[in-house]
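Sequence lines, in order, name chains X and D. Last residue of the first sequence: 152 in the working numbering, with the numbers rising by one and none dropped. Last residue of the second sequence: 152 in the working numbering, with the numbers rising by one and none dropped. Backbone N, C-alpha and C fix where the C-beta goes; we use that ideal spot for every residue, glycine too. Below: the structure, in structure tokens.
There are 2 protein chains.
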Amino acid sequence: MKLITRNTDYAVRALCYIAEQKQEVISGDQLVKSLEMPRSFLRKILQTLNKEGFLNSSKGKGGGFALAVSAGEITLTDVMKIFQGPIRLSEHKFKKSDCPYISDCLLKKKIDEIEKEVIAKLKAITISSILKKGDKGK
Amino acid sequence: MKLITRNTDYAVRALCYIAEQKQEVISGDQLVKSLEMPRSFLRKILQTLNKEGFLNSSKGKGGGFALAVSAGEITLTDVMKIFQGPIRLSEHKFKKSDCPYISDCLLKKKIDEIEKEVIAKLKAITISSILKKGDKGK
DNA sequence: ACAAAATGATACAATTATAGTATCATATTA
DNA sequence: TAATATGATACTATAATTGTATCATTTTGT
Ligand code: FES
Ligand code: FES
Chain X
15 MKLITRNTDY AVRALCYIAE QKQEVISGDQ LVKSLEMPRS FLRKILQTLN
65 KEGFLNSSKG KGGGFALAVS AGEITLTDVM KIFQGPIRLS EHKFKKSDCP
115 YISDCLLKKK IDEIEKEVIA KLKAITISSI LKKGDKGK
Chain D
15 MKLITRNTDY AVRALCYIAE QKQEVISGDQ LVKSLEMPRS FLRKILQTLN
65 KEGFLNSSKG KGGGFALAVS AGEITLTDVM KIFQGPIRLS EHKFKKSDCP
115 YISDCLLKKK IDEIEKEVIA KLKAITISSI LKKGDKGK
């Protein structure tokens, strides 16, 4: 029953780390060392973030990853969507034949409401909002 | 990324159904037929609800399950706890060595806040609050 | 040219959670 | 004592999560 899976979490932490460094470009290995995450797993995550346009990558010596978007513009929901698909708290949506309440289901309505609020709040969390004060904005 | 798993969902719907009927005692088979859920799965769920004190059961002809607690006192979080364990949106709690931010992690704080709010809202959803108007209170 | 340093692509594997099944035992009622 | 119901419990299947591992490609510096 996790809302945030580990690859999302790793991704967020990696983005935070990159955003905080003075250098723009950070190599995967540096991230692995600094954040102590499984190497191959993080590499895959970084590749995905690159493909999705949140990171730019460069090969060869001195290469690595840099933010492609400012830290203030990357939201938690962005990252979640990439690694976990569309956000949905419940799958309470049964075939009509399955459920006598479906046409006017209060449970569904209530859950949907909560879902909306949660998403709104997650959307308000950006990478820069997670960084310690003083580092923000970058 | 589901907040509510199917056994929780089935349990809630079963509780709703039982609460709505005029008879107090409803057999497992009647629930299976009416709600069109997998028989064995629902039986297991009903047994669990019984063990946890939300249903009373009686064997033999005319037996079945009845609410042990009034519908207004069974919350969604109650049911979730039974079938999904303690509610936790994120496992963002790494070993100290893993994460430079852990001592003062804004992400953790923000997630925890959201978590609290979600739990509060889920707690406000009771079985009777899900039933159609007019059936309430039973 | 060539080696070193990096990422890109991709296939594979392990673990865990979810979802569901099946069987036999036990109690109750008619 | 047969029928009806739940109790206990072990088993299986599927899917999601969490990784690993390998080889290819690009870039840089000597
Ligand atoms: S759609 Fe069936 S109870 Fe909500
Ligand atoms: S505990 Fe590490 S970023 Fe939150």
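- Give the residues of chain D in contact with E105/X, contact being defined as C-beta atoms less than 7 Å apart. K16
- Item | Helix, strand or coil at I88/D [DSSP, three-state] | Correct three-state label for I88/D: coil.
- Distance, Cα to Cα, Q37/X vs D23/D? 49 Å
- Message: To the nearest angstrom, how far is the alpha carbon of K109/X from that of V26/D?
- Response: A caution first: K109/X carries a pLDDT of 47, below 50, which makes its placement in the model unreliable, though a value can still be read off. Approximately 17 Å between the Cα atoms of the pair.
- Message: Within 8 Å, do at least three Cβ pairs link the segment 54-64 of chain X to the segment 124-132 of chain X?
- Response: no
- Message: Would V132/X pass as an interface residue toward chain D - the criterion being a Cβ-Cβ separation below 8 Å?
- Response: yes
- Report the neighbours of D23/D on chain X: residues whose CB is nearer than 9 Å to its CB, in chain order. S104, E105, H106, F108, L121
- Task: Note down, in chain order, each residue of its chain lying with its Cβ closer than 6 Å to the Cβ of A85/D, except the 5 sequence neighbours on either side.
- Result: A33, I141, S142, K152
- Does DSSP classify T161/X as helix, strand or coil? Residue 161/X is absent from the model: chain X starts at 15 and stops at 152.
- Which of helix, strand or coil DSSP assigns to A33/X: Helix.
- Can you tell me the Cα-Cα spacing of S41/D and L49/D, whole angstroms? 12 Å
- By Cβ distance below 7 Å, which residues in the same chain neighbour A82/X in space, the five residues on each side in sequence not counted? Here A82/X has G67, F68, L69, N70 as same chain residues with Cβ atoms under 7 Å from its own Cβ, once five neighbours each way along the sequence are excluded.
- Using a Cβ cut-off of 8 Å, pull out every chain X residue sitting near I128/D, in sequence order please. V132, K135, L136
- Please work out which residues of its chain come closer than 7 Å, Cβ to Cβ, to G148/D, disregarding the five sequence neighbours upstream and downstream, and give them in chain order. Note on G148/D: pLDDT 47, under 50, position unreliable in the model; the coordinate value appears next. Closer than 7 Å at the Cβ level, and outside the excluded window around G148/D, lies no residue.
- Item | Boundaries of the alpha helix (DSSP H) in which L121/X is found, first to last residue | Its alpha helix (DSSP H) spans residues 120-137.
- Message: With a threshold of 7 Å (Cβ to nearest heavy atom), would C30/X be considered close to ligand 1?
- Response: no
- Query: For the putative contact between K135/X and E105/D, defined by C-beta atoms under 8 Å, what is the C-beta separation to the nearest angstrom?
  - Reply: About 18 Å; that fails the 8 Å criterion.
- Query: chain D beta carbons: is any one of them nearer than 8 Å to that of K124/X?
  - Reply: yes
- Query: What does V26/X reach in chain D if we use C-beta pairs closer than 8 Å?
  - Reply: Simply L121.
- Message: Excluding the 5 residues flanking I144/D on each side, which residues of the same chain have their C-beta closer than 8 Å to its C-beta?
- Response: V26, C30
- Item | Straight-line gap, R20/D to E87/X (C-alpha atoms, nearest Å) | 35 Å
- Message: Can you pull the chain D neighbours of I88/X, defined as C-beta to C-beta under 7 Å?
- Response: Those within 7 Å of I88/X in chain D number zero; the least Cβ separation is about 13 Å.
- Would you list the residues sitting across from S72/D in a DSSP beta bridge? G78/D
- Message: Going by beta-carbon coordinates alone, are A28/D and L60/D separated by less than 8 Å?
- Response: yes
- Task: Quick one: using the 10 Å Cβ neighbour count with 16 as the cut-off for buried, is D92/X buried or exposed?
- Result: buried
- Rounded to a whole number of angstroms, what is the C-alpha to C-alpha distance between K65/X and L120/D? 27 Å
- Given a threshold of 16 other Cβ atoms within 10 Å of its Cβ, counted over all protein chains shown, does G76/D qualify as buried or as exposed? The residue in question, G76/D, is exposed, as its Cβ has fewer than 16 Cβ neighbours within 10 Å.
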